[in-house]
Amino acid sequence: QAGNNMDKPQQNGESPEQTNNAQGKAATNNVPPVTPITKSINLAGPLIKKDKRQNSSRFNVSKNRELNALPLLEEASSNEREDLFIQKLRQCCVLFDFSEPLSDLKWKEVKRAALHEMVEYLSQHSGIVTENIYPEAINMFAINLFRTLPPSSNPNGAEFDPEEDEPTLEASWPHLQFVYDLFLRFLESPDFQPATAKRYIDQQFVLQLLDLFDSEDPRERDFLKTVLHRIYGKLLGLRAFIRKQINNVFYRFIYETEHHNGIAELLEILGSIINGFALPLKEEHKQFLLKVLLPLHKVKSLSVYHPQLAYCVVQFLEKDPSLTEPVIKSLLKFWPKTHSPKEVMFLNELEEILDVIEPAEFQKVMEPLFRQIAKCVSSPHFQVAERALYYWNNEYIMSLISENSQVILPIMFPSLYRNSKTHWNKTIHGLIYNALKLFMEMNQKLFDECNMNFKQENQIEREKLTQREEIWHQVETLAKNNPEWSRVSVPIESYAIDALARNDADSLIKGEQLTYDELEKESRDIHISKNKEKPLIRRKSDLPQDSGTVRALIEHKRPDDFLHTPPDPNKC
């Protein structure tokens, strides 16, 4: 049955295609990329029923848990409705132990029904959020939501892999889901008065809300980001405090723990906030970019939140192009040395930045930037080289390269030419020939000069290798002529240049002069043949997934598809 349920995702659970569509819509609607609910779930893999996939938070379970069903709100008179609503809110302050699934079933259902009724009533009626409701409602939210989160599901075992490990779901979700839903309806109600609410939703309330972002349950984090986004939009006095406390979460994550489950959701909130920053940008906002957002690139688990992080960075550069130089220099400083998948992420982000870069800013960074791209083209990891070479398919980047070809071509030519002869992957050959062809179209004379200079430099290098080999032969001869030679217990092996290195150097020196027709033919031939080869992709683990976890995540209904920019009348 679990397998059948997976075939037709329900409501807002995402298949990979749906996630891609959501990311595309986010780009067109100018809203942050949505954090996928099912990111860590392999929907195509096998499903099994596991013993226990839920872990309950540490609630202070109420002693008196016997609840009686109250009359329906619809049936109450208008004079009694407010009192009845308050009674239901107080009734929902009773907490149950969900670590025992079969305990208190009758009273759990009474609470669930009361929560569901209030959600429906609040969404269909106005005039219910009166001044007397605020303290009761916010107290109920605090009692139900604020609790000690369970410890990490794998605290002392192998390193947690956020891309593949299953999340631990919150056992009390049947009630928590409706509490969050009611909280959102409360905040979005046309009767909601920020002036009244700010007496109860204070800084301490926000701090406790932020602590919950470390929940392992992605459904809870999805609700939390929408709740915090609404609070940010409604309560202007808390905006600076919320930004500061999110900064503190990031600082702790970067420099202390390197573990936090809600970084992507917090960045998604910030993406919508940055979108609404007034111009010129405050110094506080610039420092946030340079001191908080950019160091987030250093963390091992970058893949979990990179789309949201890249969106935030690009938003800043669109608002203030003068930040481009420090941003690109920081990216180059943090560039991964031994982590190829992370390198591909950096190349993705760099292309997004280049799509919005001003030509004057491009000239400030083009030399160090293309020295790094040249290293990527030479990478033995074909996905890194391939991603770098795809820049030559981007029209705007090609226009920037064309305007500055005198600087960029001499930097790129050695890497392109060498790898056109020596790279192990045929697809890379085709992309390199395409890049060389485009360079030749830009400036034939400069291209020929670079070709000639490259061969001359290789000839000089080849002569140095030969000279070094001759010197070693002389050293060997002198050693053999020494009277003590016969007493040497370990014979000196003859030094010789590696034959493969010599052949590579010879082929680079003696290679024929590149022509436009040759480059076009090679590029076309590789393009035709590459589709016949089996694509090389990173194979994720085919470990069995828990059917209950997969079904719960797929059935989750998002409270909001995208986080839109909150209005900022006071520029705060």
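Take any residue in the sequence shown, note its place counting from 1, add 592, and you have its number in this note's numbering.
Beta carbons: idealized from backbone N, C-alpha and C, even for Gly.
- For the set S922, E709, D912 and A763, the Cα lying nearest the Cα of D773 is the one of E709.
- In this structure, the CA atom of P913 is about 7 Å from the CA atom of E950.
- About 20 Å separates the Cβ atoms of S807 and L888, ruling out a contact at the 8 Å cut-off.
- Just so you know, the alpha carbons of W765 and K878 end up roughly 39 Å apart.
- Of the residues N736, H821, S895 and Y847, the one whose Cα lies closest to the Cα of I866 is H821.
- Contact between F962 and V891 does not hold, since the beta-carbon distance rounds to 27 Å and is not under 8 Å.
- Between the C-alpha atoms of A856 and H898 there is a straight-line separation of about 8 Å.
- The shortest C-alpha to C-alpha distance from E758 to any of L1145, L881 and L662 is the one to L1145.
- Within 10 angstroms of the beta-carbon of A832 lie fewer than 16 other beta-carbons, which makes it exposed.
- Rounded to the nearest whole angstrom, the CA to CA distance from V626 to Q1036 is 46 Å.
- By the Cβ-count criterion, V1067 is exposed, with fewer than 16 other Cβ atoms from all chains shown falling within 10 Å of its own Cβ.
- In the same chain as A705, and ignoring 5 residues on each side of it, the C-beta atoms closer than 8 Å to its own belong to A661, in chain order.
- The beta carbon of K921 sits closer than 8 Å to the beta carbons of V957 and P960 from its chain, once the five residues preceding and following it are set aside; these are given in chain order.
- With contacts defined by Cβ atoms closer than 8 Å, F805 and G854 form a contacting pair.
- Rounded to whole angstroms, V702 and I725 show a C-alpha spacing of 21 Å.
- For D1152, same chain residues with a beta-carbon under 6 Å away, outside a window of 5 residues either side, are T818 in chain order.
- In this structure, DSSP gives F1046 a helical state, which the three-state scheme calls helix.
- For Q837, the enclosing alpha helix (DSSP H) has its first and last residue at R831 to R844.
- Within the segment 844-891, the runs of alpha helix (DSSP H) that reach at least 4 residues and sit entirely inside it are, in chain order, 855-867 and 875-880.
- Within a 10 Å sphere around the beta-carbon of P693 sit fewer than 16 other beta-carbons, which makes this residue exposed.
- A direct Cα-Cα distance of roughly 17 Å separates L707 from A668.
- The continuous alpha helix (DSSP H) containing N1026 extends over residues K1018 to M1034.
- Taking the C-beta atoms as reference points, Q998 is found nearer than 8 Å to L1038.
- Under the DSSP assignment, I823 falls in the alpha helix (DSSP H) whose first and last residues are P810 to K826.
- In the DSSP annotation of this structure, the continuous segment of the alpha helix (DSSP H) that includes H708 starts and ends at L697 to Q716.
- Burial is judged here by how many other beta carbons sit within 10 angstroms of a residue's own beta carbon; T1058 has fewer than 16 and is exposed.
- Between the segment 828-843 and the segment 809-817 there are fewer than three C-beta pairs closer than 8 Å, too few to call the two in contact.
- In the three-state reduction of the DSSP assignment, I965 falls in the helix class, which pools H, G and I.
- DSSP, read as helix, strand or coil, puts R1150 in coil.
- Closest in C-alpha terms to Y792, from the list N731, S1139, A977 and K967, comes N731.
- Residue state for N1073 is assigned as helix, using DSSP reduced to three classes.
- Residues R657, E658, L659, V686 and F688 of the same chain have their beta carbon placed closer than 8 Å to that of W699, with the five preceding and five following residues left out of the count.
- Distance from the CA atom of R1143 to the CA atom of E666, rounded to whole angstroms, is 34 Å.
- With a 10 Å radius around the Cβ and a threshold of 16 neighbouring Cβ atoms, N840 comes out exposed.
- Rounded to whole angstroms, the gap between the alpha carbons of E944 and S864 is 18 Å.
- Counting other Cβ atoms within 10 Å of its Cβ, L664 stays below 16 and is therefore classed as exposed.
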